[in-house]
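Heads up, the thing below is written out as structure tokens.
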Amino acid sequence: MEQASDDELLWRRIATGDSKAFGTIFERHARKVFAFLVRRTADISLAEDLTSVTFLEAWRHRNRCQLGPGDSAVPWLLGIANNCVRSSNRSLRRYRRALARLPEDPSTPNTEDEAVARLDAQGALNAIAAALRSLSPEEVEAVVLVYWTDLSYEQAAETLGIPIGTVRSRLARARKKLGASLDPSTISGSEVSP
Amino acid sequence: MIDLSPPFVPPLSDAWIEARRRHLIAEVTTRSRGRLTRRRMAVGMGALIASSAAVVFGVVGIGEQAAFAGWTSTPTPAAAGQTATATAACQARLRAAGSSAADSPVSLVDTRGPFTLLVFGDSASTALCVSGATFTSITPSEPPAVPAVSSGNVVVGHASYTSRNGQPYTLIEGQVGSSVTGVGLVLGDGSNVTATVNGGRFAAWWPGVDGIASAQVTTAQGTTTQPLDIATPTSPPQVHNSGQGS
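Order-wise, the sequence lines are chains H and F.
For what it's worth, our numbering labels the leading residue of the first sequence as 603, then goes sequentially.
For what it's worth, our numbering labels the leading residue of the second sequence as 84, then goes sequentially.
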């Protein structure tokens, strides 16, 4: 709760053009945004670039983010990230110059073991991607946000800009299509659908 | 029954976060300055507008990098040892990924300046690999469709784009009918890329994320236009696609 409260205070500074406060928001939430993007795109390299694009877009629209006391910036950031995926070609084009100035990736695997670990992760993502092919993009969004990003149904609805009932129905359809087994511990709060 | 437990995500290091944070702050600071400069220009005198415009154009140009310097829209002859070096790098990558395509024959080599695209595979396992001076990136692909493509036609087997360290690029690979001798691709922005055709397959790649509007298919009878309308390798290689650089 303290962190969420901090988000509101930080965003007030960001709205006035405080880039250092924005850097703090990045430090705080980049990993969550990246994880969402990896699971949403099934492409680790693309997710890294879209993480930067998401925050550049967030800066561009910083005055549209209205956080109340106790609010976290995560749902709003994930909404932007989701839009970046939907129109990733346009997003990458818009920020192509900024992306071209990205520093050399300090995380680039230096050893064969690290490379293999990264490729293993990619292989697992490819398998998941194959499994989800039967879902519509909207159903995939709901699955990634609620089951894999720990958002509550309300937060997922806020992120996607849709009614909470629509989130529920998309997840219900997804489960039905997949005949999926769900680990209840991965579902946030008490919003577990019957 | 599918297990929907969250897929593993490789962790981002503190160094990655710090490097990207610094980049982000530098970018947003530059953007704010650029916007302020433009506002001042709008209310300035004509002469000031002219001089300020030069400043703005200069700012825009800073950092503009040729992400794939040396890439050509038409295939070029390979330099001595270029194909062998790329093949070794790609095979190492494929083996590290546990792909059986590493031991498959190379069915097509597409050379564009310092970059080499290799198509590995047979009817069982296929992979695409782009190798340049600073990177080698592999992408799994579907084995060729059977039966063969009808004469004079092309069929796209794989089209995706990915982005590596801020360098997006698009890959396409497919089969050609027996009489096809050349394939030109018209991209969504109207530019042209000539594919390499060999052994019943064609392949090409280009920097950026432009889709493909059509193919100019050349046979002994002439050149015809075949609509491809893959304005969507534009559709992101999201969960539905398997394209991936590594």
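For glycine and all other residues, C-beta sits at the position ideal for the given N, C-alpha and C.
Just so it is clear, the structure is predicted and the values come from calculations on it, not from any experiment.
- Put simply, the backbone Cα of V213/F is about 16 Å away from that of V292/F.
- H631/H is classed as buried because its beta carbon has at least 16 other beta carbons within 10 Å across all chains shown.
- Contacts between T245/F and chain H, judged by CB atoms closer than 8 Å, involve D645, S647 and L648 in chain order.
- At least one beta carbon of chain H lies nearer than 8 Å to the beta carbon of I100/F.
- Among the CB atoms of chain H, none fall inside 8 Å of the CB of F151/F.
- Contact of E256/F with chain H by beta-carbon distance below 7 Å is absent, the smallest such distance being about 17 Å.
- A residue is called buried when at least 16 other Cβ atoms come within 10 angstroms of its Cβ; G153/F does not meet this threshold and is exposed.
- The distance from the Cβ of F628/H to that of L268/F is about 38 Å, inconsistent with a contact at the 8 Å cut-off.
- Interface criterion met: the Cβ of P705/H is under 8 Å from a Cβ in chain F.
- By the C-beta density criterion, L191/F is buried, having at least 16 other C-beta atoms within 10 angstroms.
- No alpha helix (DSSP H) of 4 residues or more sits fully in the stretch 658 to 685 of chain H.
- Inter-residue distance for D608/H and R615/H is about 11 Å (C-alpha atoms, whole angstroms).
- Chain-ordered, the chain F residues with CB closer than 7 Å to the CB of G625/H read R104, L107 and I108.
- The stretch 278 to 306 of chain F contains no complete alpha helix (DSSP H) run of 4 or more residues.
- Annotation for A210/F: the continuous beta strand (DSSP E) segment containing it runs T209 to S214.
- For P160/F, the number of other beta carbons within 10 angstroms of its own is below 16, and it is reported as exposed.
- Check the Cα spacing between T618/H and each of A172/F, R104/F and T112/F: the tightest is with T112/F.
- In this chain, the beta strand (DSSP E) harbouring P223/F covers T219 to S224.
- The way I'd put it, the stretch 175 to 195 of chain F does touch the stretch 270 to 279 of chain F; three or more beta-carbon pairs between them come closer than 8 Å.
- For the stretch 85 to 97 of chain F, the beta-carbon criterion of a distance under 8 Å to any beta-carbon of chain H is satisfied by I85, D86, L87, S88, P89, P90, F91, V92, P93, P94, L95 and S96.
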